[in-house]
Amino acid sequence: MNVIWASNCPLKPAQVQSALCCDLAYTTVMTVMKRLTDKGLLTREKKGNTYYYFGTTAKTDYAKNHLRKLFDSLVDSYGNVAISEFVGSLKDNPKDIQKLVDYLNNQDDQS
């Protein structure tokens, strides 16, 4: 997905294969891209005999959606423990704590 997201135009599987830093077979890349299409993460368009693939959502939108689901699941399952562990994981980085404080303060302003 990172190769697709980094491109500003649709890509052929061969282009994705050559952009990857690992040595994957062309058929493996095609299979993964087909599965990502089936899951709705990619869309493909046929030009001649070749399919060109492009992302259906921006990387940041994808991350926001999946992180929201993950955090909701953690809070639903573990409640305050999940929240306190998240905040505790920031204790060694004052900049991250400040980002969280700023974010929470901005949420109050938007309410």
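Here the sequence shown is numbered in the working numbering, starting from 954 and rising by one per residue.
Beta carbons are placed, not taken as given, at the ideal position from N, Cα and C, and that holds for glycine.
>> Once DSSP output is grouped into helix, strand and coil, what is the label at Thr-984?
In response: The answer is helix: DSSP assigns Thr-984 an H, G or I state.
- Query: Can you tell me whether Gly-1041 is buried or exposed, with buried defined as 16 or more other CB within 10 angstroms of its CB?
  - Reply: Gly-1041 should be labelled exposed.
**Message:** By the DSSP assignment, the alpha helix (DSSP H) with Thr-1013 in it spans what residues?
**Reply:** Looking at the DSSP string, the run of the alpha helix (DSSP H) that includes Thr-1013 is 1012-1031.
Judging by CA-CA distance, which residue of Lys-1052, Thr-1013, Val-982 is the nearest neighbour of Tyr-1005?
Among Lys-1052, Thr-1013, Val-982, the Cα nearest to that of Tyr-1005 belongs to Val-982.
Under the three-state reduction of DSSP, which class applies to Thr-907: helix, strand or coil? Summary: the structure shown does not reach residue 907, with the chain confined to residues 954 through 1064, and so no result is reported for it.
Whole-number beta carbon distance between Lys-965 and Thr-1003, since they are thought to touch under 8 Å: That pair is a contact at about 6 Å.
Proximal residues to Ile-957 (C-beta, below 6 Å), its chain only, five neighbours per side dropped: Annotation for Ile-957: Gly-1008 place their beta carbon closer than 6 Å to its own, counting only its chain and skipping 5 residues before and after.
Q. Does DSSP classify Leu-1053 as helix, strand or coil?
A. The DSSP-derived three-state label of Leu-1053 is helix.
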